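The structure appears right after this line, and notes come after that.
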Amino acid sequence: MRATPLATAVSCLLAGHLLLGVAHVAILPPWEGFDETAHYSYLQQLADRGELPRLGTARMSTDVER
């Protein structure tokens, strides 16, 4: 059974996307992503206080500021 041109194109696009994702993870050091610190602070407040951060009043986690 031979792969169709569409299946080949989709496979190539998926492989390229996977390679770009791996390169992105390998190049960026931890906590240097676009908004890693905001995601961590959001989850920490949710876990510690059991409430969602309020827009405009949420603070950056001290664990990340160091």
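Note that the sequence shown ends on residue 65 in numbering that gives the first Met the number 0; no numbers are left out. Built from N, CA and C at the ideal position, the CB exists for glycine as well. Only a predicted model underlies this, so the values are computations on that prediction, with no experimental measurement involved.
Residue i versus residue j: straight-line alpha-carbon distance, rounded
i, j, result
"Thr3", "Arg48", "53 Å"
"Thr56", "Asp62", "18 Å"
"Ser40", "Leu51", "11 Å"
"Gln44", "Leu5", "46 Å"
"Gly66", "Pro28", "Limits of the chain in this structure are 0 at one end and 65 at the other, which puts residue 66 out of reach."
"Ala8", "Met59", "43 Å"
N-terminal and C-terminal residue of the alpha helix (DSSP H) that residue i is part of
i, result
"Ser10", "Pro4 to Ile26"
"Thr36", "Glu35 to Arg48"
Below 8 Å, how does it come out for the segment 30 to 46 and the segment 6 to 20: are there three or more Cβ pairs, yes or no? Contact between the segment 30 to 46 and the segment 6 to 20 is absent, because fewer than three Cβ pairs lie under 8 Å.
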